[in-house]
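A.B. asks: Heads up, the working numbering is the position in the sequence shown plus 1358, with the first residue counted as 1.
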Amino acid sequence: MEIQAQQSLATQPVVAQSQAEISASALSSDFETFLKMLTTQLENQDPLNPVESSEFAMQLATFSGVEQQIRTNDLLADMIGGQGASGLSQLAGWVGMEARVNAPALFDGAPITLAPVPDAASDAAYLVVRDATGAQVSREAIPLSVDTIEWAGMTDTGAPFPTGSYTFEVESQNQGQVTSTRAVDHYGLVQEARLADGGIELVLKGGNAVPSGDVQALRTPAAAL
């Protein structure tokens, strides 16, 4: 009997060491690891000095809490995934439409519809156009009282700008003083809706992607009317 007790005492430090080496990540990724640990502990504990019931209960409570948290996380992940699929289904009808967004626009020779919003108190407004490098390539006066304008992409000599990505700003003035400079929305053709970074984004003609929540308006392309 004394020999058996000594053998049990000899194995107890090994069990304790293995418990210390098991990280929280291991518990969260594999429930069986925790269960095997408890089983091994019970099998190898010293009969003369068994594990305190309060300590054992605490270990079980820890396992229960970890298991519940992981199940909650899995449920949330399933819910988010379901919402993403549902959102994609709802956005399927957006493909082929023109979305009003604040993003770089592809110019390929066809006019681009812009929606500048000058200051309410301005008496003059100018459209500033920049290329993909940020360099200003055009600056022209625009009306104050229209909702949208068509940018033809022509230089002062009447030659078309090169195909590429362009951004637009509206510079508002009052009595010759600049009062503000704002980014200008444009209407871009939606070619794809996809999941990205836990949300849904739209891919426009030219490859620029924007979050679906940034879309200000939708319209049917003029060519489809």
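Ideal Cβ positions, reconstructed from N, Cα and C, are used throughout, including at glycine.
So, are the CB atoms of SER1570 and GLN1531 less than 9 Å apart?
C.D. replies: No. Outside cutoff.
A.B. asks: Please state whether DSSP places ASN1460 in a helix, a strand or coil.
C.D. replies: ASN1460: coil per DSSP, three-state reduction.
A.B. asks: Using only alpha-carbon positions, find the residue among ALA1575, VAL1548, GLU1559 that is nearest to TRP1452.
C.D. replies: VAL1548
A.B. asks: Tell me the DSSP bridge mates of ALA1482?
C.D. replies: Answer is GLN1531.
A.B. asks: Just the C-alpha distance for ASP1489 and VAL1528, rounded to the nearest angstrom, thanks.
C.D. replies: Approximately 15 Å between the Cα atoms of the pair.
A.B. asks: Can you tell me whether DSSP reads SER1447 as helix, strand or coil?
C.D. replies: helix
A.B. asks: Considering only residues of the segment 1507 to 1554, which uninterrupted alpha helix (DSSP H) runs meet the minimum length of 4 residues and lie entirely inside it, listed in chain order?
C.D. replies: none
A.B. asks: Helix, strand or coil, according to DSSP, for GLY1571 in the structure here?
C.D. replies: DSSP places GLY1571 in the helix class (H, G or I) of the three-state scheme.
A.B. asks: DSSP has THR1471 in a bridge; who is on the other side?
C.D. replies: GLU1508
A.B. asks: Measuring CA to CA, which of SER1503, THR1471, PRO1518 is closest to HIS1544?
C.D. replies: THR1471
A.B. asks: What first and last residue would you give for the beta strand (DSSP E) that runs through ILE1558?
C.D. replies: For ILE1558, the enclosing beta strand (DSSP E) covers residues 1557 to 1562.
A.B. asks: Kindly indicate which three-state DSSP category ALA1587 falls into: helix, strand or coil?
C.D. replies: With the chain covering only 1359 through 1583, there is no way to say anything about residue 1587.
A.B. asks: With H, G and I counted as helix, E and B as strand and the rest as coil, what does DSSP make of GLY1565?
C.D. replies: The answer is coil: DSSP assigns GLY1565 none of H, G, I, E or B.
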